[in-house]
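Working notes for the structure below.
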Amino acid sequence: VLLAIGFMLSPYEATGNTGKLAWISSIAALLVYLQSLLGALVGSRWALHQCLSSKELCLVMNSHIAGIVPATAATLAVAIMAWRQPALSGNLRKLANFASLCLIAQLVLGVATFRMHLQVEPLTVAHQAVGAALLGTLVGFSVLAWRDRALSA
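In the numbering used here, the protein residues as written are 31 to 183.
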């Protein structure tokens, strides 16, 4: 909420070129949020350990793994649409680029965390932190995209 308020209060010049980006970035933020909740459930219940050792909580673990696809696809859609929009605001372009970097880092950290079976705590914490940064970036992008739509209407 504070992040959204901050982006609402920041100076911004609308270009009127966001198109469907406001909707798509909002959906991407929601999907990343849901994926973060699943990740928190995996971490708090040690679902990876239980799934690999005793075949318990595999549904939780597999849900988190399956959740990668929609969250990644939506974030990539935001980035690609932003890159293909030449007259997009500089702030939105920077946020789209940062979301892309966060997504790549998040995927790499997630695979590494999975491979290490959550044994390397700094790696797990980094995975959670980058996920939070990705979510915050998408929320900021969404707020600015909605502002752009409202100001240019």
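Every residue, glycine too, gets a C-beta built ideally from N, C-alpha and C.
On a predicted model such as this, the values are computed, not experimentally measured, just so you know.
So what's residue i in DSSP terms, helix, strand or just coil?
| i | result |
| --- | --- |
| Trp76 | coil |
| Arg114 | coil |
| Leu89 | helix |
| Glu43 | coil |
| Ser119 | coil |
| Leu68 | helix |
| Gln158 | helix |
| Ala183 | coil |
Going by Cα to Cα distance, which pick from the options is closest to residue i?
| i | options | result |
| --- | --- | --- |
| Val160 | Leu125, Gln136, Leu61 and Ser83 | Gln136 |
| Asp178 | Ala52, Ser93, Ile57 and Ala101 | Ala52 |
| Lys50 | Leu118, Ala163 and Ala129 | Leu118 |
| Ala70 | Ile35, Gln158 and Phe128 | Gln158 |
| His79 | Leu181, Val31 and Met146 | Met146 |
Hey, does residue i have any beta-carbon neighbour from chain B nearer than 7 Å?
| i | result |
| --- | --- |
| Thr167 | This model lacks chain B altogether, as it is built from one protein chain only. |
Which whole-angstrom value describes the C-beta separation of residue i and residue j, a residue pair presumed to lie in contact below a C-beta threshold of 8 Å?
| i | j | result |
| --- | --- | --- |
| Leu122 | Leu164 | Contact flag wrong, Cβ pair sits at about 16 Å. |
| Ala101 | Leu61 | 4 Å |
| Ala129 | Phe171 | 7 Å |
Any idea if residue i is buried or exposed, counting beta-carbon neighbours within 10 angstroms, 16 or more meaning buried?
| i | result |
| --- | --- |
| Ile57 | buried |
Skipping 5 residues on each side, what residues in its chain have a beta carbon closer than 6 Å to that of residue i?
| i | result |
| --- | --- |
| Thr48 | Ala175, Asp178 and Arg179 |
| Leu125 | Thr167, Gly170 and Phe171 |
Note down, in chain order, each residue of its chain lying with its Cβ closer than 7 Å to the Cβ of residue i, except the 5 sequence neighbours on either side.
| i | result |
| --- | --- |
| Cys132 | Val160, Ala163, Leu164 and Thr167 |
| Leu139 | Leu153, Ala156, His157 and Val160 |
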